[in-house]
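**Q** Residue 32 is where the sequence shown starts when you use my numbering, and the numbers rise one by one after that.
One structure coming up, written as structure tokens, with questions to follow.
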Amino acid sequence: MIDVKYGKRKVVNYRGARMVVGGLTAKNKIDILLYISREFAQINSQNELFERVMTLCEEIFEVDNIHLRLWNEQKQKIMPVKYMVDSEPPARPLDSGEGFSGTVFARRKSMLEEDLGRHPEMIDQGEKTQCVVCVPVMYRDQVLGTLSIEKHIPYFYRMDDLEILEAMASQLGLALNEVELVEGLMEARSRIESDLRMGRNVQSHIIPRRIDPWNGVHFYYHYEPMVEVSGDYFNVIRQGNTMTAIIADVSGHGVPAALVTMALHHHFQQLATINISLPELVEELNRQIQPNLPDGTYFTAQIVRVYQDHSFSFVNAGHHKLLHFDYGTETYEGLDSTGIPLGIAKVSREDYMEKHGQLRPGDFLVLLTDGFAEQRNEAGEQASVPRVASWIQEEKSRLMERERVAMADMLGPSFLVRFEEYMGKRPAEDDFAMLILQSSPFYSSSQALYDRARKAGDPDESLRLALEAYQEEPTFLKNLLLLSKLTYMRKDLAESARYLKEYVHSSGEASAQIHCMLGNVMYQSGEFPEAKSAYKRSLAVNPGFAEAAVMLSRVYLREDRKNRAQDVLRIAHQCSPGDEKIRSAMRKLES
């Protein structure tokens, strides 16, 4: 039985909308995906496979019924091959495009239908199912059938359930091929890792599609799995005045390694946003992931934290050295610190040494997984870290000669061309992941202009200098706040809001204060829907934040929703009972 514990869910009415209370948490999802992978790895027969699907769905989703249907080429129908209980009316063969199962099969796309009462054409007359999640079962690009979980209660399932069922259906497609049920043969038992649609779906959600600059730090990344999924992982988390980056390399390849990267992603995102040191972060990361890892699985990691003045600290958990390239010279340094790989055994923060450095304008840090260093060319020679570092340095020098500047998004592609020339026709032997963090070459000039703008006595001169600083480096956080303030003073509220939004986007700051500031600017601009959203985000961070509560109540009063305004103030008062501003606003509403 699954050892994940979670409370029974139920559907409630909340503020006029249906929502689910209880059920799966984010951590449950990670544990369940690992559990499904382990369970499906042990299946050797058709009956065992179908029974295991029913058991897993019943354990995880609190179902009223489950239907597994497979396509019958001869009959040109989707045939019910397994279900949990007999339904009324009985399950029957379906045409492609008929009902929710036929629709999912025809469209090759998953479906979460919260209330089938709105779509009676999706079910047979008399059928009790009110909420359904139905996903296609696929192998490679072929749809084999569908898997559905069904409930007699509307709005019972949500997107978390759909994502987990998709992962299960992807593993089911692999298992169906494994025992050759599609062809009617039952001899094959070996697991297939090369075709992993499930892994692609999982990793598409955790690998960044783009990384925008943070406070004058610019990024470039390259991610190339050896097969369709990868055991390499990287991410960047913004926390206002700091930014934390990670690169990790999980042992092995295929689905098992990819699932570990998903667990790593979940826990790293949570830990990177709380105020703990990097050694503490590594210790907690290992504590949360290690118990769920398959035997023999581990991962190396390198974590870097950059501060507002572009100083940085880092820890190394058995990973390659961090490469620090000096922009003004032809030199680089390999930075290392003590630390063992994660997932092998229990570790403590004392096992990891946090070291520090400083990024000068133009300097860049390069984080690599071992695919680059260990890749061989046609002659069988390994690239090695020193050789890779020398190629990066040489490409940087070429860019400086040709372009007079070497930015991360120029250097990365230039290095990859050099690396591919070295590989020749030799196939990739491992996953590749690279992350470059560069302090903007124009950061110091932007900072100097900002300092002059801040000290200028004339508001017009301050704005002129701040705009020049913005032209030098648009993501310099202190300057974005100054520009928002200066344009607000000039009553240019649209520009003030724009700079403040850019600050929030670049910094990643999610404080109650910053969301309230944005709400105030939008309120003054008459953009009341945007102001309401900003105040709600502020109160989501701190439900007792007085200024946001009072302003949100004013927005509701403008909408003639006095009861809603009173609710906002009452909740804020419960969280901050001593706040006089909230109590005063409540008295005014009650009078």
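We put the beta carbon where it would ideally sit given N, CA and C, even for glycine.
Fair warning: this is a prediction, and the values are worked out from it, not measured in the lab.
Fully enclosed by the region 128-169, which beta strand (DSSP E) runs are 3 residues long or longer?
**A** You should have 142-144.
**Q** Buried or exposed for Leu-178, going by 16 or more other Cβ atoms inside 10 Å?
**A** That one is buried.
**Q** Candidates Gln-270, Arg-449, Leu-302 and Ile-277: which alpha carbon is nearest Tyr-338's?
**A** When each option's Cα is compared against that of Tyr-338, the closest is Gln-270.
**Q** Span of the beta strand (DSSP E) holding Trp-102?
**A** Trp-102 -> beta strand (DSSP E) spans 96-103.
**Q** Taking Cβ positions, are Leu-511 and Tyr-534 nearer each other than 8 Å?
**A** Yes, the Cβ-Cβ distance between Leu-511 and Tyr-534 is below 8 Å.
**Q** Would you report the Cα separation of Ile-277 and Leu-390, rounded to the nearest angstrom?
**A** Approximately 17 Å, taken between the alpha carbons.
**Q** What runs of the beta strand (DSSP E), each 3 residues or longer, lie entirely inside the region 170-195?
**A** Counting whole runs of 3 or more residues, the region 170-195 contains the beta strand (DSSP E) stretches 173-182.
**Q** Name the residue from Asn-272, Lys-60 and Pro-458 whose alpha carbon lies nearest to the alpha carbon of Thr-506.
**A** When each option's Cα is compared against that of Thr-506, the closest is Asn-272.
**Q** How many whole angstroms separate the CB atoms of Ala-198 and Leu-101, which I take to be in contact at a CB cut-off of 8 Å?
**A** About 19 Å separates the two Cβ atoms, so there is no contact after all.
**Q** Report, in whole angstroms, the separation of the C-beta atoms of Val-135 and Gln-469, which I expect to be a contact under 8 Å.
**A** Going by Cβ atoms, the distance from Val-135 to Gln-469 rounds to 46 Å, so no, they are not a contact pair.
**Q** Counting C-beta neighbours from all protein chains within 10 Å, is the total for Ala-439 16 or more, i.e. buried, or is it exposed?
**A** Buried is the call here.
**Q** Nearest CA to the CA of Arg-601: which residue from Arg-592, Pro-574, Leu-588 and Ile-268?
**A** Looking at the Cα atoms, Pro-574 is the closest of the given residues.
**Q** Would you call the region 297-315 and the region 382-400 in contact, with 3 or more CB pairs under 8 Å?
**A** Yes, the region 297-315 touches the region 382-400.
**Q** For the pair the region 486-495 and the region 401-413, tell me if three or more CB-CB distances fall below 8 Å.
**A** The answer is no - the region 401-413 does not touch the region 486-495, with fewer than three Cβ pairs under 8 Å.
**Q** Does the Cβ of Glu-503 have 16 or more other Cβ atoms within 10 Å, making it buried, or fewer, making it exposed?
**A** When all chains shown are included, Glu-503 counts as buried.
**Q** Are Ser-132 and Leu-125 touching if we call contact CB-CB under 8 Å?
**A** Going by C-beta atoms, Ser-132 is nearer than 8 Å to Leu-125.
**Q** Looking at C-alpha atoms only, which residue of Gln-406, Ala-464 and Asp-482 is the closest neighbour of Glu-452?
**A** It is Gln-406.
**Q** Please return the same chain residues whose Cβ sits closer than 6 Å to the Cβ of Tyr-530, not counting the five positions on each side in sequence.
**A** Result list for Tyr-530: Leu-511, Leu-514 and Ser-515, in chain order.
**Q** For Met-617, name the three-state secondary structure that DSSP assigns.
**A** Three-state DSSP puts Met-617 in a helix.
**Q** Can you list, in chain order, the residues of its chain with a C-beta nearer than 8 Å to that of Met-169? Leave out the 5 residues immediately preceding and following it.
**A** Taken in chain order, the residues that qualify are Arg-139, Leu-175, Ala-200, Ser-201, Gly-204 and Arg-228.
**Q** Just the Cα atoms here: how many angstroms apart are Asp-357 and Ala-603?
**A** Asp-357 and Ala-603: Cα-Cα distance of roughly 51 Å.
**Q** Have a look at Ser-538 and Ile-97 and give me their C-alpha separation to the nearest angstrom.
**A** Distance between the alpha carbons of Ser-538 and Ile-97 is about 46 Å.
**Q** Check whether the Cβ atoms of Gln-321 and Leu-373 lie closer than 8 Å to each other.
**A** In contact: Gln-321 and Leu-373 (Cβ atoms closer than 8 Å).
**Q** Let me make sure I understand the geometry here. Which of Trp-245, Pro-185 and Phe-81 has the alpha-carbon closest to that of Glu-540?
**A** That would be Trp-245, whose Cα lies nearest to the Cα of Glu-540.
**Q** Which residue from Ser-607, Gln-605 and Asn-551 puts its Cα closest to that of Leu-583?
**A** It is Asn-551 whose Cα lies nearest to the Cα of Leu-583.
**Q** I think Ser-127 touches Ile-109, with their Cβ atoms under 8 Å apart; what is that distance to the nearest whole Å?
**A** That belief holds up - the Cβ atoms of Ser-127 and Ile-109 are roughly 7 Å apart, short of 8 Å.
**Q** Give me the Cα-Cα distance between Ala-616 and Asp-610, rounded to the nearest whole angstrom.
**A** Their backbone Cα atoms lie some 10 Å apart in a straight line.
**Q** Per DSSP, Gln-389 forms a beta bridge with which residues?
**A** Gln-389 pairs with Ser-342.
**Q** Would you kindly work out how many angstroms separate the C-alpha atoms of Leu-212 and Gln-77, rounded to a whole number?
**A** Only weak support exists for where Leu-212 lies, its pLDDT of 43 falling under 50; the value from the coordinates is given anyway. Looking at the two C-alpha atoms, the distance is approximately 7 Å.
**Q** Does the Cβ of Thr-369 have 16 or more other Cβ atoms within 10 Å, making it buried, or fewer, making it exposed?
**A** By the 10 Å Cβ count, Thr-369 comes out exposed.
**Q** So, is Ile-242 buried or exposed, given that buried needs 16 or more other C-beta atoms within 10 angstroms?
**A** Under this definition Ile-242 is a buried residue.
**Q** Take Arg-595 as the anchor and find which of Lys-567, Gly-157 and Phe-576 has the nearest alpha-carbon.
**A** Cα-wise, what sits closest to Arg-595 is Lys-567.
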